[in-house]
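**Q** Each residue of the sequence shown is one higher than the one before, starting from 11 at the first, in this note's numbering. By construction, the Cβ of each residue, glycine as well, lies at the ideal position given by its N, Cα and C atoms. From a predicted model like this one, the values you see are computed outputs, not experimental measurements.
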Amino acid sequence: MSLSDQELERYARQIVLPRFGGAGQNKLKAARVALIGAGGIGSGAIPALAAAGVGKLTIIDNDVVDRSNLQRQPIFRDDQIGGEKALLAAQFAMAINPHVEAVARHRRIDADNAGELLEDHDLVLDGSDNFATRLAVSDACVALGIPLVSAAAVQFQGQVGLFRGRPCFRCFVGDAFDSEDCDNCAELGVLGALTLTIGGFGALLAIRALAGMGDDAGKLHLLDADRLDWRAIPLPADPGCRTCGVARQSG
Ligand SMILES: [Zn+2]
11 MSLSDQELER YARQIVLPRF GGAGQNKLKA ARVALIGAGG IGSGAIPALA
61 AAGVGKLTII DNDVVDRSNL QRQPIFRDDQ IGGEKALLAA QFAMAINPHV
111 EAVARHRRID ADNAGELLED HDLVLDGSDN FATRLAVSDA CVALGIPLVS
161 AAAVQFQGQV GLFRGRPCFR CFVGDAFDSE DCDNCAELGV LGALTLTIGG
211 FGALLAIRAL AGMGDDAGKL HLLDADRLDW RAIPLPADPG CRTCGVARQS
261 G
């Protein structure tokens, strides 16, 4: 795969970077990334990934734009209220960068369809708003061997990490959240600048992984936007994890 003169000009500021270079750019161009959720996290991640030249983006979201989204989802405009988020986000990505092929999937991803929707991707970035979806996505990523960037923000707390096999996202949260009752962003509130920061950090983890700049798996990055504190904690694997645990691997 080679880069055209237009692409070399467009990506000049990152191609010049040590440890990224033309090789890193070609890896981004060849990469297929699935984004779960075109919400607050997606609004931070999608522009960063599209502008950087990730070759194929699949945007999966079954929602439509609501007026109350616009406070933290600046990829959508006031005159798009009522429109399908996946389609509008895909159009946004391709308007930023014509070298990106963005595909919209107006679907709610769940345990039954996650494997089919996510296969043939090199990385998944999950910015969905509930644990049932997150666990279904994580289980599918482990089964398919696809690295997962999981990013979330609520109130003043943001968390984002790269999961590659074991430990998986289920090791981190356990089995208690498989139900659908955790969609609490509406009641708890969230600061838009926080979701955009966490989404942007998720895109950074994705780009580092895709370009081969480092292996960031096994750590969770936490941003407390109230005390304004960033920290990273190691994620231990759960030996009893029913997705990636010992029992599953030996059975
Ligand atoms: Zn696990």
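1. Just to confirm the assignment, what range does the beta strand (DSSP E) spanning SER160 have?
2. Per DSSP, which residues does LYS39 bridge with? Please list them.
3. Quick one: complete beta strand (DSSP E) runs, 3+ long, within the stretch 17 to 68?
4. Can you tell me whether PRO28 is buried or exposed? The criterion is at least 16 other CB atoms within 10 Å of its CB, across all chains shown.
5. Which value, in whole angstroms, describes the spacing of the CA atoms of GLY210 and GLY250?
6. Give the single residue among LEU206, GLN165, GLY202 and ASP248 whose Cα lies nearest to the Cα of ASP234.
7. Taking the C-alpha atoms as reference points, what is the distance between CYS192 and GLN35?
8. Tell me the residue span of the beta strand (DSSP E) that contains VAL113.
9. Considering Cα atoms alone, identify which of GLY49, LEU158, ASP73 and ILE56 is closest to LYS66.
10. Ligand 1 and CYS151: does any heavy atom of the ligand fall closer than 7 angstroms to the residue's C-beta?
11. Under the three-state reduction of DSSP, which class applies to GLN169: helix, strand or coil?
12. Excluding five sequence neighbours on each side, which residues of the same chain lie with their C-beta closer than 7 angstroms to the C-beta of ILE119?
13. If you pair each beta-carbon of the stretch 132 to 141 with each one of the stretch 85 to 94, do three or more pairs fall below 8 angstroms?
14. Express the C-alpha separation of GLY255 and PRO108 in angstroms, rounding to a whole number.
15. Span of the alpha helix (DSSP H) holding LEU97?
16. Kindly indicate which residue of LEU230, LEU214 and ALA41 has the alpha-carbon position closest to the one of ARG241.
17. Helix, strand or coil for VAL147 per DSSP?
18. How is VAL74 classed by DSSP in three states: helix, strand or coil?
19. Per DSSP, what kind of secondary structure is LEU13 in: helix, strand or coil?
20. Kindly give me the distance between the Cβ atoms of SER160 and VAL170, rounded to whole angstroms, as I take these residues to be in contact under 8 angstroms.
21. Following a CB-centred definition, is GLY171 positioned closer than 7 angstroms to any heavy atom of ligand 1?
22. Just how far apart, CA to CA, sit ARG174 and GLY155?
23. Any residues whose CB sits closer than 5 angstroms to a heavy atom of ligand 1? List them in chain order?
24. Would DSSP call ILE91 helix, strand or coil?
25. Measuring alpha carbon to alpha carbon, tell me which residue in VAL26, ALA103 and LYS37 is nearest LEU220.
26. Express the C-alpha separation of ASP239 and GLU94 in angstroms, rounding to a whole number.
**A** With the structure as the only source:
1. 158 to 164
2. Bridge partners of LYS39: none, in fact.
3. 42 to 46
4. exposed
5. 33 angstroms
6. GLN165
7. Any answer about CYS192 is weak, because its pLDDT of 48 lies below 50 and its placement is not dependable; what the coordinates show is given next. So the two alpha carbons sit approximately 38 angstroms from each other.
8. 111 to 115
9. ILE56
10. no
11. strand
12. ILE46, ILE70, LEU127, THR143, ALA146 and VAL147
13. no
14. 42 angstroms
15. 95 to 106
16. LEU230
17. helix
18. strand
19. coil
20. 7 angstroms
21. no
22. 8 angstroms
23. CYS178, ARG180, CYS181, CYS251, THR253 and CYS254
24. coil
25. LYS37
26. 35 angstroms
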